[in-house]
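Only one structure is covered here, and it is reproduced in the block below.
There are 2 protein chains.
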Amino acid sequence: MSSVQDGARWRRQQIRAVKEALRDLNIQLSLLNRQFGARVELKDADWDCLDLINRQGPLSPSALARVAGLHPATLTGVLDRLQRGGWIVRERDPDATDRRAVTVRARRERNAELYRLFSGMNAQMDQLCEDYTDAELELIADFLRRTTTAGNTATDELSSG
Amino acid sequence: MSSVQDGARWRRQQIRAVKEALRDLNIQLSLLNRQFGARVELKDADWDCLDLINRQGPLSPSALARVAGLHPATLTGVLDRLQRGGWIVRERDPDATDRRAVTVRARRERNAELYRLFSGMNAQMDQLCEDYTDAELELIADFLRRTTTAGNTATDELSSG
DNA sequence: TGAGATAGTATGATTCCCATATAATACGGC
DNA sequence: GCCGTATTATATGGGAATCATACTATCTCA
Numbered sequence: 001m002s003s004v005q006d007g008a009r010w011r012r013q014q015i016r017a018v019k020e021a022l023r024d025l026n027i028q029l030s031l032l033n034r035q036f037g038a039r040v041e042l043k044d045a046d047w048d049c050l051d052l053i054n055r056q057g058p059l060s061p062s063a064l065a066r067v068a069g070l071h072p073a074t075l076t077g078v079l080d081r082l083q084r085g086g087w088i089v090r091e092r093d094p095d096a097t098d099r100r101a102v103t104v105r106a107r108r109e110r111n112a113e114l115y116r117l118f119s120g121m122n123a124q125m126d127q128l129c130e131d132y133t134d135a136e137l138e139l140i141a142d143f144l145r146r147t148t149t150a151g152n153t154a155t156d157e158l159s160s161g
Numbered sequence: 001m002s003s004v005q006d007g008a009r010w011r012r013q014q015i016r017a018v019k020e021a022l023r024d025l026n027i028q029l030s031l032l033n034r035q036f037g038a039r040v041e042l043k044d045a046d047w048d049c050l051d052l053i054n055r056q057g058p059l060s061p062s063a064l065a066r067v068a069g070l071h072p073a074t075l076t077g078v079l080d081r082l083q084r085g086g087w088i089v090r091e092r093d094p095d096a097t098d099r100r101a102v103t104v105r106a107r108r109e110r111n112a113e114l115y116r117l118f119s120g121m122n123a124q125m126d127q128l129c130e131d132y133t134d135a136e137l138e139l140i141a142d143f144l145r146r147t148t149t150a151g152n153t154a155t156d157e158l159s160s161g
């Protein structure tokens, strides 16, 4: 009886530990992002947008503004800077269904410069992963993906609610 | 022989999957942070600093500037805004060894407002954690903590190197 | 005691953010 | 097909943020 309660208590602590660790990781990755951005003369929001463009593929400024949580006019400035720095191109597809539409595309040939920034963190993650079995890595990757989904939902709730 | 190679290949893919998931999570949490900040009228950097003050305990402006990667003068502006908003207090310890020193302390009585913002994400994480055993949760928390340490090291390397 | 380092903040030029306005295009009802 | 409205991307201007520099007060150490 007491052991059952102890078990429940232990479990709550475990869940709490996971959430705290996640929050600490969140802060640390934010700081790491800022250092990344500083290395290529990009503001926080600029860096976020470049990352989104790189990973979510070519997309329109309005869609990017929505997902990044930025004012459309602010995003124009962000894109101006990214384009001036040669990180992206704005394309106007001639045979697009909507002739107002602009497509923002990352210049892949410059991605090597970005990956170089990641190399330190990358090497450390490789080493860290060595300590886990295949099954454990799969478990971790799945947890991370599900957490991302949860974060996405929470973000939407906050931005719309 | 071939199966050994396949196993190694599979493993590389697993590691890659973990890193990609982590990167996606990084972006998503950045966006979530921006929404949090927007809800309490705080800029990205302001929110980061408030979070650091809350979690790393009372600390000096210079230490905060270092860890947050901000210019000292910029941090003065950040602290001004946080203080004006009533989120922190600047204290001048009378019997401190260094009389120049200022201590920045979070006003804990306002933390409830912050936790309310987290409630959505918090509830989702609770639910997500239900799918894991105690041992799995421990594994995950440990992985997250070690990743935070790795991020910390990578941040230091970038900011000093 | 004095030279130099350090903590925190003020100052001013530059840059950024964002509410609003504008131009071009799309869409829905009639 | 035509007109009112919505939407996309960007320009404009006023207010705010950023950061190099300077400044004051204090500490350290010789």
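As you go down the protein sequences, you meet chains D and Y in turn. Taking full-length UniProt numbering, I'd label the letters of the first sequence as residues 1 to 161. Taking full-length UniProt numbering, I'd label the letters of the second sequence as residues 1 to 161. Think of the CB as a built atom: it goes at the ideal place given N, C-alpha and C, for glycine as much as any other residue.
Under the three-state reduction of DSSP output, T155 of chain Y falls in the helix class.
Contacts between W87 of chain Y and chain D, judged by CB atoms closer than 8 angstroms, are missing: the closest CB pair is about 16 angstroms apart. Contact note: V18 of chain Y reaches chain D through M125, C129, L137, I140, A141 and L144, using a C-beta cutoff of 8 angstroms and chain order. Between the segment 89 to 98 of chain D and the segment 33 to 48 of chain D, the count of Cβ pairs shorter than 8 angstroms is below three; the stretches do not touch. Its Cα nearest to that of Y115 of chain D, the residue Y:R23 stands out among Y:A8, Y:R23 and Y:S62.
Under the 8 angstroms criterion on CB atoms, G57 of chain Y is classed as non-interfacial with respect to chain D. Under a criterion of Cβ atoms nearer than 8 angstroms, the residues of chain D adjacent to D24 of chain Y are, in order, R55, L144, R145 and T148. Between the alpha carbons of L25 of chain D and P94 of chain D lies a gap of roughly 44 angstroms.
A contact between stretches requires three or more CB pairs, one per stretch, nearer than 8 angstroms, and the segment 136 to 150 of chain D meets this requirement with the segment 3 to 22 of chain Y. Proximity of the segment 42 to 56 of chain D to the segment 80 to 91 of chain D meets the contact definition, three or more beta-carbon pairs being nearer than 8 angstroms. By the rule that beta-carbons nearer than 8 angstroms mark a contact, G77 of chain Y does not touch chain D. With a cutoff of 8 angstroms on beta-carbon distance, G69 of chain D and S160 of chain D are scored as not near each other.
By the rule that beta-carbons nearer than 8 angstroms mark a contact, D6 of chain Y does not touch chain D.
E109 of chain D does not reach chain Y, its nearest Cβ partner there being about 20 angstroms away, counting only Cβ pairs nearer than 7 angstroms.
For A73 of chain D, the secondary structure class from DSSP, reduced to helix, strand or coil, is helix. Between P72 of chain Y and A63 of chain Y, the C-beta gap is not smaller than 8 angstroms, which leaves the two residues out of contact.
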